[in-house]
Amino acid sequence: MKRADVIVVGAGIIGSACAWQLARRGLRVALVDDGLPGATAAGMGHLVCMADNPAELALCAYSLRLWRELVAQMPEHCAWRSCGTLWLAEHEDELALAEQKQQRLAAAEAESRLVSAGELRRCEPLLRHGLAGGLHVPGDGIVYAPNVARWLIEQGGEAIVRYRGSAVALEPQAVRLADGTRLTADAVLLACGLAANALLAEPLLRAKKGQLAITDRYPPQVRHQLVELGYGASAHASNGTSVAFNLQARPTGQLLLGSSRQFDAPDDVLDMSLLATMLQRATQFVPSLAQMNIIRCWTGQRAASADGLPLLGPHPVHDGLWLALGHEGLGVTTALGSAALIADRLLRQRPAIDDTPYRPVRLLTVEEVSA
Amino acid sequence: MSKIAITIDGERLWVKVGISVAAALSMTSQPHCRLSVSGQPRAPFCSMGICQECRVSINGVRRLACQTLCQADMHITRSDNG
Numbered sequence: 001m002k003r004a005d006v007i008v009v010g011a012g013i014i015g016s017a018c019a020w021q022l023a024r025r026g027l028r029v030a031l032v033d034d035g036l037p038g039a040t041a042a043g044m045g046h047l048v049c050m051a052d053n054p055a056e057l058a059l060c061a062y063s064l065r066l067w068r069e070l071v072a073q074m075p076e077h078c079a080w081r082s083c084g085t086l087w088l089a090e091h092e093d094e095l096a097l098a099e100q101k102q103q104r105l106a107a108a109e110a111e112s113r114l115v116s117a118g119e120l121r122r123c124e125p126l127l128r129h130g131l132a133g134g135l136h137v138p139g140d141g142i143v144y145a146p147n148v149a150r151w152l153i154e155q156g157g158e159a160i161v162r163y164r165g166s167a168v169a170l171e172p173q174a175v176r177l178a179d180g181t182r183l184t185a186d187a188v189l190l191a192c193g194l195a196a197n198a199l200l201a202e203p204l205l206r207a208k209k210g211q212l213a214i215t216d217r218y219p220p221q222v223r224h225q226l227v228e229l230g231y232g233a234s235a236h237a238s239n240g241t242s243v244a245f246n247l248q249a250r251p252t253g254q255l256l257l258g259s260s261r262q263f264d265a266p267d268d269v270l271d272m273s274l275l276a277t278m279l280q281r282a283t284q285f286v287p288s289l290a291q292m293n294i295i296r297c298w299t300g301q302r303a304a305s306a307d308g309l310p311l312l313g314p315h316p317v318h319d320g321l322w323l324a325l326g327h328e329g330l331g332v333t334t335a336l337g338s339a340a341l342i343a344d345r346l347l348r349q350r351p352a353i354d355d356t357p358y359r360p361v362r363l364l365t366v367e368e369v370s371a
Numbered sequence: 001m002s003k004i005a006i007t008i009d010g011e012r013l014w015v016k017v018g019i020s021v022a023a024a025l026s027m028t029s030q031p032h033c034r035l036s037v038s039g040q041p042r043a044p045f046c047s048m049g050i051c052q053e054c055r056v057s058i059n060g061v062r063r064l065a066c067q068t069l070c071q072a073d074m075h076i077t078r079s080d081n082g
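Protein chains in written order, with full-length UniProt numbering: chain P, 1 to 371; chain R, 1 to 82.
Written out as structure tokens, the structure reads:
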């Protein structure tokens with residue numbers, strides 16, 4: 001390959017989407033990945049329009065528009081399903097949350113509608129009696145993110161050259177790999193999640209551990225991705241351990257069950273008592289889960305920024321260094337939007353949405369970095 | 001030696017007391033337990049309850065063939081996973 005225009009470090013869903021987007025716009029990309037599983041391999045692959053703060057909503061809504069343009073081209077192994085999300089109100093007082101979410105989504109031109117308790121039962125018969133109601137967001141969906149990432153890279157054709165190796169050091173407009181290879185380019189983009197902490201030699205991202213369980217295959221009985229309305233509060237908590245009910249019907253007939261959040265648990269060991277809490281929570285919404293078998297459980301680490309929003313754009317101090325980091329649990333949803341914003345900025349084009357809230361400079365002031 | 005009768009996919013089979021469902025399956029003409037998502041036949045692999053390959057329906061409930069002992073009149077169905 002001729003010298004790359006951009007080196008992308010990390011071939012998860014963010015790095016792959018960035019490499020694909022940059023290649024589409026005529027740049028030559030060197031894509032470096034160590035082959036170790038990261039957040040993309042561990043997550044649920046839910047394309048979900050989160051609306052808990054305006055910047056998060058704007059990026060989700062934009063990115064989901066881009067996903068909808070792409071899904072028709074994706075091969076079957078990417079497992080795209082247009083299932084929509086049903087946000088569930090367990091108690092009457094949560095209906096207010098549903099209404100607020102509905103209004104916020106409407107402001108971002110994302111379709112949603114309130115669902116009565118009776119309608120909930122009719123469209124998802126496995127839900128227990130007595131839930132208060134919910135909110136249906138039809139534009140949400142699911143994918144199998146590891147295969148989407150591989151497919152995006154393939155779509156880049158010869159414009160993307162892959163390097164299997166661990167990036168161990170950053171130099172101005174260069175990346176050094178563990179085997180001694182030194183790659184150079186006009187720009188270096190870090191899209192390697194938590195691994196960026198070591199490369200930047202600063203604790204930019206915090207690990208939020210999660211665990212998931214998946215059942216045996218059963219005849220399909222759940223149509224929507226089911227999430228409790230309290231999920232947002234759990235997802236955005238900055239401390240403590242929390243669980244929130246999240247259930248996804250996989251195309252295989254398996255049910256994928258989440259979710260949990262734990263800070264400062266860097267290992268990959270299952271927390272059995274937390275798993276039990278997750279499963280208890282799940283059976284409060286879908287009692288028949290108690291009769292099903294779980295065949296696998298696993299953990300993963302989300303990479304969280306200090307303010308919960310991703311860092312997208314140039315590093316404020318190091319010339320030629322770009323960041324696409326800190327997507328936490330929303331990396332699959334926001335990957336295409338993030339990639340488009342990165343490509344716009346790199347090519348000095350006007351982004352389709354205001355990217356100010358995601359610029360790294362907000363968390364990496366020049367003074368702090370040089371101090 | 002005492003034997004018990006079980007059925008596998010509707011077929012009656014006499015087996016020794018104390019054998020596992022996985023062992024009983026291996027005595028039939030069809031070694032597989034289930035078909036994978038892509039239609040590949042799957043059979044007991046680890047035989048210690050870890051690999052989850054030998055999922056079958058036993059009296060209507062999904063079980064691991066390697067972890068379940070045959071009981072008299074047990075109805076075993078190779079799992080087509082719906």
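We put the CB at the ideal spot given by N, CA and C, even for glycine. In this text the structure is predicted, and so the values were computed from the model without any measurement.
Taking Cβ-Cβ distances shorter than 9 Å, what residues in chain R pair up with Asp216 (chain P)?
As a working mapping, residue 216 (chain P) is identified with position 216 in the first sequence. Chain R residues near Asp216 (chain P): Gln52, Arg55, Arg62, Ser79 and Asn81.
DSSP three-state label for Gly82 (chain R), please.
Taking the second sequence and counting its residues from 1, one reaches residue 82 (chain R) at position 82. Note that Gly82 (chain R) scores 47 on pLDDT, short of 50, meaning its location in the model is unreliable; the coordinates nonetheless yield the value given after this. If DSSP states are grouped into helix, strand and coil, Gly82 (chain R) belongs with coil.
Rounded to whole angstroms, what is the Cα-Cα separation between Leu309 (chain P) and Asn197 (chain P)?
Taking the first sequence and counting its residues from 1, one reaches residue 309 (chain P) at position 309. Taking the first sequence and counting its residues from 1, one reaches residue 197 (chain P) at position 197. When rounded, the distance between both Cα atoms is 16 Å.
Contact with chain R by Asn293 (chain P), beta-carbon distance below 8 Å:
Here residue 293 (chain P) corresponds to residue number 293 of the first sequence, with the count starting at 1. So yes, Asn293 (chain P) belongs to the interface.
Cβ shell of Gln21 (chain P) (< 8 Å), same chain only, five flanking positions each side left out
Position 21 of the first sequence, counted from the first residue, corresponds to residue 21 (chain P). Answer for Gln21 (chain P): Leu336, Ala339, Ala340, Ile342 and Ala343, listed in chain order.
Who pairs with Phe245 (chain P) in a beta bridge, going by DSSP?
To locate residue 245 (chain P), count along the first sequence from 1; it is residue 245. Answer is none; Phe245 (chain P) lacks a bridge partner.
Give the single residue among P:Tyr358, P:Gln291 and P:Pro314 whose Cα lies nearest to the Cα of Val61 (chain R).
Within the second sequence, the letter at position 61 stands for residue 61 (chain R). Comparing alpha-carbon positions, the option among P:Tyr358, P:Gln291 and P:Pro314 lying closest to Val61 (chain R) turns out to be P:Gln291.
From Asp140 (chain P) to His46 (chain P), what distance separates their C-alpha atoms?
The residue you call residue 140 (chain P) lines up with position 140 of the first sequence. The residue you call residue 46 (chain P) lines up with position 46 of the first sequence. Cα to Cα, Asp140 (chain P) sits roughly 8 Å from His46 (chain P).
Ala167 (chain P) in three-state terms, based on DSSP:
Position 167 of the first sequence holds residue 167 (chain P). The answer is strand: DSSP assigns Ala167 (chain P) an E or B state.
Helix, strand or coil for Ser370 (chain P) per DSSP?
For this step, residue 370 (chain P) is matched to residue 370 along the first sequence. Here the model assigns Ser370 (chain P) a pLDDT of 49, short of 50, so the residue's position is not dependable and the matter cannot be decided.
Does any CB atom of chain R fall closer than 8 Å to the CB of Thr283 (chain P)?
Against the first sequence, residue 283 (chain P) aligns to sequence position 283. Not one chain R Cβ lies under 8 Å of Thr283 (chain P).
Would a check of beta-carbon distances place Val37 (chain R) closer than 8 Å to chain P?
Looking up residue 37 (chain R) in the second sequence gives position 37. Chain P, which has a Cβ nearer than 8 Å to the Cβ of Val37 (chain R), makes this yes.
By the three-class DSSP mapping on this structure, what secondary structure does Gln280 (chain P) have?
Within the first sequence, numbered from 1, the residue matching residue 280 (chain P) stands at position 280. Of the three classes helix, strand and coil, the one that applies to Gln280 (chain P) here is helix, per DSSP.
Is DSSP giving Cys297 (chain P) helix, strand or coil here?
Walking along the first sequence from the start, residue 297 (chain P) turns up at place 297. The answer is strand: DSSP assigns Cys297 (chain P) an E or B state.
Ser82 (chain P) to His32 (chain R), Cα distance in whole Å?
Your numbering for residue 82 (chain P) matches position 82 in the first sequence. Your numbering for residue 32 (chain R) matches position 32 in the second sequence. So the alpha carbons of these two residues sit roughly 34 Å apart.
According to DSSP, is Gln221 (chain P) part of a helix, a strand, or is it coil?
Here residue 221 (chain P) is taken as the residue at index 221 of the first sequence, counted from 1. Three-state result, Gln221 (chain P): coil.
Indicate whether Ala235 (chain P) and Gly329 (chain P) have their beta-carbon atoms separated by less than 8 Å.
The sequence position of residue 235 (chain P) within the first sequence is 235, counting from 1. The sequence position of residue 329 (chain P) within the first sequence is 329, counting from 1. For Ala235 (chain P) and Gly329 (chain P), yes; Cβs fall inside 8 Å.
Mind pulling the chain R residues with CB within less than 7 Å of Thr252 (chain P)?
Counting from one through the first sequence, the residue named residue 252 (chain P) turns up at place 252. In chain order: Val37.
Which residues in the same chain have their Cβ closer than 6 Å to the Cβ of Glu228 (chain P), if we skip the five residues on either side of it in sequence?
Taking the first sequence and counting its residues from 1, the one referred to as residue 228 (chain P) is at position 228. Counting only Cβ-Cβ distances below 6 Å, and skipping sequence neighbours, we find Leu88, Ala244 and Phe245.
Among all the DSSP beta bridges, which residues are the ones paired with Pro360 (chain P)?
Taking the first sequence and counting its residues from 1, one reaches residue 360 (chain P) at position 360. None; Pro360 (chain P) has no bridge partner.
Which residues does DSSP pair with Trp322 (chain P) in a beta bridge?
As a first step, residue 322 (chain P) is located in the first sequence; it is residue number 322 there, counting from the start. Per DSSP, P:Leu189 and P:Pro314.
Under a Cβ-count criterion, where at least 16 other Cβ atoms within 10 Å of its own Cβ denotes burial, should Ile13 (chain P) be classed as buried or exposed?
Taking the first residue of the first sequence as 1, we reach residue 13 (chain P) at position 13. Per the 10 Å Cβ criterion, buried.
Which value, in whole angstroms, describes the spacing of the CA atoms of Gly82 (chain R) and Gly118 (chain P)?
The residue you call residue 82 (chain R) lines up with position 82 of the second sequence. The residue you call residue 118 (chain P) lines up with position 118 of the first sequence. Residue confidence is low: Gly82 (chain R) scores 47 on pLDDT, short of 50, so the model does not pin down where it sits. Its coordinate-derived value is still stated next. Near 28 Å, if we compare the C-alpha coordinates of Gly118 (chain P) and Gly82 (chain R).
Is it true that the region 174 to 182 of chain P meets the region 309 to 319 of chain P, where meeting means three or more beta-carbon pairs spaced less than 8 Å apart?
no
Taking Cβ to Cβ, would you say Ala108 (chain P) is nearer than 8 Å to Ala55 (chain P)?
On the first sequence, position 108 is the one that residue 108 (chain P) refers to. On the first sequence, position 55 is the one that residue 55 (chain P) refers to. Contact flag unset, no.
Just to confirm the assignment, what range does the alpha helix (DSSP H) spanning Trp151 (chain P) have?
Here residue 151 (chain P) is taken as the residue at index 151 of the first sequence, counted from 1. Here the alpha helix (DSSP H) through Trp151 (chain P) covers Ala145 to Gln155.
Quick one: Cα of Gly134 (chain P) to Cα of Val48 (chain P), how far?
Position 134 of the first sequence, counted from the start, is the residue given in the question as residue 134 (chain P). Position 48 of the first sequence, counted from the start, is the residue given in the question as residue 48 (chain P). Distance between the alpha carbons of Gly134 (chain P) and Val48 (chain P): 15 Å.
Collapsed DSSP secondary structure at Ile14 (chain P) in the structure displayed
For the purposes of this step, residue 14 (chain P) is taken as the residue at position 14 of the first sequence. In the structure shown, Ile14 (chain P) sits in a helix (DSSP, three-state: H, G or I).
Tell me the residue span of the alpha helix (DSSP H) that contains His236 (chain P).
Here residue 236 (chain P) is taken as the residue at index 236 of the first sequence, counted from 1. Looking at the DSSP string, the run of the alpha helix (DSSP H) that includes His236 (chain P) is Tyr231 to His236.
Within the 8 Å Cβ cut-off, does Ile50 (chain R) reach chain B?
Although the question refers to chain B, the structure presented lacks it and instead comprises the protein chains P and R.
Where Asp355 (chain P) falls, given that 16 or more other Cβ within 10 Å makes a residue buried:
Reading the first sequence from its first residue, position 355 is the one you call residue 355 (chain P). Result: buried.
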